[in-house]
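Chains as they are written, first to last, in the working numbering: chain A, 1 to 292; chain B, 293 to 568; chain C, 569 to 900; chain D, 901 to 1232.
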């Protein structure tokens, strides 16, 4: 249902301006040229017909041909997608590894300077625009220290800076969720029971509190992966990485609608899939939701 | 108690000062922010070698005074932030309150719209729209405002449901109050503190989003000095003059940090927990 | 006496969340919160409704006030069908029938001053502004918050639970209603405050001649205010009679258990076993026949097959139990 | 009231001069009490009187921000007031068990009953998983949980409230503690389930020779299970006696007020007015002197603002009030 709506939206989006042919042929093209292009692309048919035709082919993985690259859209995406996905997965892993321990630390030392420091760092992380962070990292590690490449993904070192930048999208949110989840858990009645049972502190924290605090964080990391992928446009442009985001940016700048449609649709499907995954993971982890 | 208010205070000062600067921008700018002077390109800021007190923050690639452009940029960021949250706040709150209050089919419909919105890749669609309609300040505000309401909707739906479960709403209903009356007198005043917190969160996001769009070349059109655009314009020169991206970047980060601190402080002092 | 409220076969089913399997089979399980009750309340009568959590007693209160719509059955208020009310007639009904809640802290809008909160029913029933202050002061006097001006401009957070519950009562009374539902009005309050509210309720009953339904889990509290008592179990009324009669000669095993279960502050109380065991059954799939049968020590074959009807055991005293039904009584 | 409490030197729990403060407010202001083997001592009072804070303070479970000081905290002959958190944790769950008010939130929703029960035995007794499970099953069986083997694999949300509280009780008793502290163990339960649970607690105590400190707000519960009672008001014990003595001759005006406020069948007749105490429980700042009840007391005199020493109505019955032991006989 949601997918269908998004399908219509992404179609409508690219057809809304109407002057597709002009943007392809250029502003000074003759009326004949435009009519010809319109006909070639099937753009002179009624909109619903175009939509059904497009949707039908899209369902079979056929998004037509790129105006710009004169290549099948599906093969373009196939070529660009792995890089983006790889970066996204590395980034979410980095985010979890950074956010969860520090979130726990902040919660256990709630109200102390450790908590305040972690909070301020998280807020600052949220405030730094990712493209600017990317540029600054390039300046420091790429240009200043010359440790890491400033663009491209020629070897594994190329992945470091972009994944840090992408991870920054998710770290503050996950950090705060972990912290507030842990704080709630440590104040909960069941942790009080665990203390009344005389359990060691380590098992109170690691078994009783963490499990409950972690459930929403794990579930939300799937959604955060979606945000990271969504943010890949900016990062890929900054680091000059030929991923789907970069492809989309290039296509938008040139009005290459078949590619835009396909990428928007692809992202939407990924988002919906990840949201579903998040619900499933949440349900699998929480015994109260299991078997529903 | 006092120390917990410090972030709120810092945030309020940052946002307040920025707002004042934005309002008084035409009075404050030392130079015309649009006046080009190709003879004076990339003059360093006053505190660096080669700088002069004529241009405190130096000049950009077209010889325009950087401080003046920064000040005008504050105006653009604040305008974007405020205008979009008014738009998105209205859309989101209306949807959320309706869904939360009526429940059932209305709620299912609201949740459907929200999940559709969540399935849309924000930056890509914003870029596409701006590309097609043509970039202008109004278009950017409308685009971001029309895309960024989901947090308002989700939160206002949740807190409306919570408030509606409380007995005083039932009491008003039993006292014969109309639905409109209940929503405006009983529900809204009791969820407004949550909305204020969301407004700060979304304002920060809107400002960052505008900067990203402008950075990618499909946001506020030149020669308007959006901070994101200033970074984009300075990008090619950053290896030689890092300050051309450092100055607008820091400005952006400080403003957004200020808004976040304000939001956090408000969350604590108003008792609105929206972390989950 | 004239009937103020007459309900027949009143029913409320809430849908529950379904498992995937139920969804595939197209089943729609429901919680039978109220499952066909008949109830008549005479004008000027105070009726107690007693049951444990999950018995459906709160839902009955809400149904009588049209705060939720019934899934079935009929309900008449002052001779008119409640389901048919709308517009002006509904507004008149809302003014006539009022509600007092369990948790006073939740039942006053925290943003309102006390004056504003008490005034709400007046504003909505179109009482002219000039009259309002007088009416509010009158209502506040009724609930013994006579020095009204001390409270008028305070917010709920500045009042204690007992004071707030009086404010809630004042708000319910300010529109001069004829019917009042009080849902566990004292269960959230401390003992020392509770008594004050109970005294007040009784005084109001005598003074205003209110028709009232008091909902509670504690028979003794109900006994203190009501001349007639109903006992509910899992959505059904199992006993109905004069309060003193119900307490001194409970006919239904569940009522007997309820009376024994409440601990009394005296050392000579009986500490013998309860006549029933276990906890409340599931309202989605309650036991067939008599719903108490899985907890009842006296249950026999007929209890599983046949739903016991509410039959008279003494004049004005009815119970829904096969043990006390005439057929068995004759056999025994 | 330390004078009375030097009853025996081998009490399981001996508390002297226990104080708890939150910020500038004193929640517990120097209480003395003792619980002997095989005895149930009830700490009764209204919300905010400091009874739960006292229990948590004895267990060393106060939340952060609370400060405890205690002159003597004796447990089975040892002083435990100065123990480190690590040594205290070794006692908790092993020799001192505790159960809480809300069995839903007090059990961890993410783990099975079995996991939560066996970890106690694994921690304190070093038992292997299967041995621990065996013990857990036996204990569940003992507290009357049906199908105990199956319960080990279930999650808390799959059990009813009454069963959950039985699981909590079983968990607290796994290591055969000598002292059980129960903080409002039946408040969240329905009356019929409450009666069953109280009965179970009494049985277990007799059988295991437990010392029980039971916190409750309900004088009915006190009358049903307690051997000795301490009535708390505003952080102080205002009256302490055997249950028989207290209910036969309640002497502190606050205790009398509380008892008068409860409608008891046979004692309060229809038409009688219930007693009620005016005003609300005050919050006590540090350095407060005198009787905290004096603002609400009908018998207050200027002398009540100074320190009131305890008096004895009988050797087993102490109270903290200026009034003579049998003052109330004259007024009754």
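Don't be surprised by glycine CBs; every beta carbon is placed ideally from N, CA and C.
Neighbour-count burial assignment, residue i, 16 or more Cβ in a 10 Å radius
{"i": "residue 70 of chain A", "result": "exposed"}
{"i": "residue 490 of chain B", "result": "buried"}
{"i": "residue 312 of chain B", "result": "exposed"}
{"i": "residue 24 of chain A", "result": "Model confidence at residue 24 of chain A stands at a pLDDT of 49, short of 50, so the residue's coordinates are unreliable; what they give is reported in the following sentence. When all chains shown are included, residue 24 of chain A counts as buried."}
{"i": "residue 533 of chain B", "result": "buried"}
{"i": "residue 95 of chain A", "result": "buried"}
{"i": "residue 330 of chain B", "result": "exposed"}
{"i": "residue 27 of chain A", "result": "Note that residue 27 of chain A scores 48 on pLDDT, short of 50, meaning its location in the model is unreliable and no value can be drawn from it."}
{"i": "residue 583 of chain C", "result": "exposed"}
{"i": "residue 207 of chain A", "result": "buried"}
{"i": "residue 298 of chain B", "result": "exposed"}
{"i": "residue 21 of chain A", "result": "A caution first: residue 21 of chain A carries a pLDDT of 47, below 50, which makes its placement in the model unreliable, though a value can still be read off. Buried: at least 16 other Cβ atoms inside 10 Å."}
Proximity below 8 Å, CB of residue i to CB of residue j
{"i": "residue 1082 of chain D", "j": "residue 1039 of chain D", "result": "no"}
{"i": "residue 552 of chain B", "j": "residue 677 of chain C", "result": "no"}
{"i": "residue 448 of chain B", "j": "residue 389 of chain B", "result": "yes"}
{"i": "residue 713 of chain C", "j": "residue 731 of chain C", "result": "yes"}
{"i": "residue 754 of chain C", "j": "residue 616 of chain C", "result": "no"}
{"i": "residue 858 of chain C", "j": "residue 885 of chain C", "result": "no"}
{"i": "residue 125 of chain A", "j": "residue 414 of chain B", "result": "no"}
{"i": "residue 1089 of chain D", "j": "residue 1078 of chain D", "result": "no"}
{"i": "residue 182 of chain A", "j": "residue 282 of chain A", "result": "no"}
{"i": "residue 740 of chain C", "j": "residue 690 of chain C", "result": "no"}
{"i": "residue 968 of chain D", "j": "residue 1111 of chain D", "result": "no"}
{"i": "residue 293 of chain A", "j": "residue 961 of chain D", "result": "As shown, chain A starts at 1 and ends at 292. That puts residue 293 of chain A outside it, with no answer to give."}
{"i": "residue 374 of chain B", "j": "residue 554 of chain B", "result": "no"}
{"i": "residue 263 of chain A", "j": "residue 274 of chain A", "result": "no"}
{"i": "residue 439 of chain B", "j": "residue 417 of chain B", "result": "yes"}
Alpha-carbon to alpha-carbon, residue j and residue i
{"i": "residue 921 of chain D", "j": "residue 1000 of chain D", "result": "21 Å"}
{"i": "residue 157 of chain A", "j": "residue 386 of chain B", "result": "48 Å"}
{"i": "residue 572 of chain C", "j": "residue 629 of chain C", "result": "15 Å"}
{"i": "residue 217 of chain A", "j": "residue 174 of chain A", "result": "6 Å"}
{"i": "residue 952 of chain D", "j": "residue 708 of chain C", "result": "35 Å"}
{"i": "residue 1219 of chain D", "j": "residue 660 of chain C", "result": "56 Å"}
{"i": "residue 396 of chain B", "j": "residue 605 of chain C", "result": "27 Å"}
{"i": "residue 1032 of chain D", "j": "residue 176 of chain A", "result": "38 Å"}
{"i": "residue 809 of chain C", "j": "residue 832 of chain C", "result": "23 Å"}
{"i": "residue 797 of chain C", "j": "residue 791 of chain C", "result": "8 Å"}
{"i": "residue 437 of chain B", "j": "residue 779 of chain C", "result": "54 Å"}
{"i": "residue 403 of chain B", "j": "residue 289 of chain A", "result": "20 Å"}
{"i": "residue 497 of chain B", "j": "residue 323 of chain B", "result": "30 Å"}
Limits of the unbroken beta strand (DSSP E) element including residue i
{"i": "residue 172 of chain A", "result": "Per DSSP, residue 172 of chain A belongs to no beta strand (DSSP E); it is in the alpha helix (DSSP H), 157 to 187."}
{"i": "residue 600 of chain C", "result": "598 to 610"}
{"i": "residue 109 of chain A", "result": "Looking at the DSSP string, residue 109 of chain A is not in any beta strand (DSSP E), and its letter there is neither H nor E."}
{"i": "residue 942 of chain D", "result": "940 to 944"}
Counterpart residues of residue i in DSSP-defined beta bridges
{"i": "residue 671 of chain C", "result": "None, per the DSSP bridge assignment."}
{"i": "residue 1133 of chain D", "result": "D:1136"}
{"i": "residue 666 of chain C", "result": "C:748"}
{"i": "residue 581 of chain C", "result": "C:600"}
Host alpha helix (DSSP H) of residue i (start-end)
{"i": "residue 212 of chain A", "result": "210 to 230"}
{"i": "residue 252 of chain A", "result": "244 to 254"}
{"i": "residue 341 of chain B", "result": "No alpha helix (DSSP H) contains residue 341 of chain B, which DSSP labels as neither H nor E."}
{"i": "residue 424 of chain B", "result": "414 to 425"}
{"i": "residue 257 of chain A", "result": "257 to 285"}
Check: residue i C-beta below 7 Å from any heavy atom of the ligand GTP
{"i": "residue 341 of chain B", "result": "Absence of the ligand GTP from the depicted structure is noted, as is the absence of any ligand whatsoever, leaving it without description."}
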